[in-house]
Amino acid sequence: TNALGGIENIVNISSTISTITFQVTDMAKLNFGQLQEMSAKGVIKSENNVTLLIGDCADALKTKILELKK
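What follows is the structure, given as structure tokens:
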């Protein structure tokens with residue numbers, strides 16, 4: 040979550056089989072270098088969303104992050 044600017048910077052999370060999308064409060068807090076290292080295939084950014092193309096572990100990662108937000 041550090042690459043995303045901390046758990047408090049994450050507003051919403053959604054995922055598909057191979058991607059995870061984060062809606063964030065402040066894009067300036069993101070560390071795109073770290074995000075690219077985490078992403079197997081790429082990083083897509085738009086407005087307040089960043090999508091990681093990571094393969095079949097996207098849903099498991101979403102679950103872990105949601106647990107941290109509790």
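Positions in the sequence shown are counted from 1; adding 39 to them yields the working numbering.
Each residue gets a CB set at the ideal place from its N, CA and C atoms; glycine is no exception.
Item to check | residue 80 to residue 44 span [Cα, whole Å] | outcome: 21 Å
Item to check | Span of the alpha helix (DSSP H) around residue 56 | outcome: Per DSSP, residue 56 belongs to no alpha helix (DSSP H) and is neither H nor E.
Checklist entry - Would residue 91 be called buried (16 or more neighbouring beta carbons within 10 Å of its own) or exposed? => result buried
Next on the checklist: Here's a check: name, in chain order, each residue in its chain whose Cβ is nearer than 8 Å to the Cβ of residue 101, leaving out the five neighbours to either side.
Outcome noted: 52, 53, 54, 59
Checklist entry - Cα separation between residue 77 and residue 93? => result 8 Å
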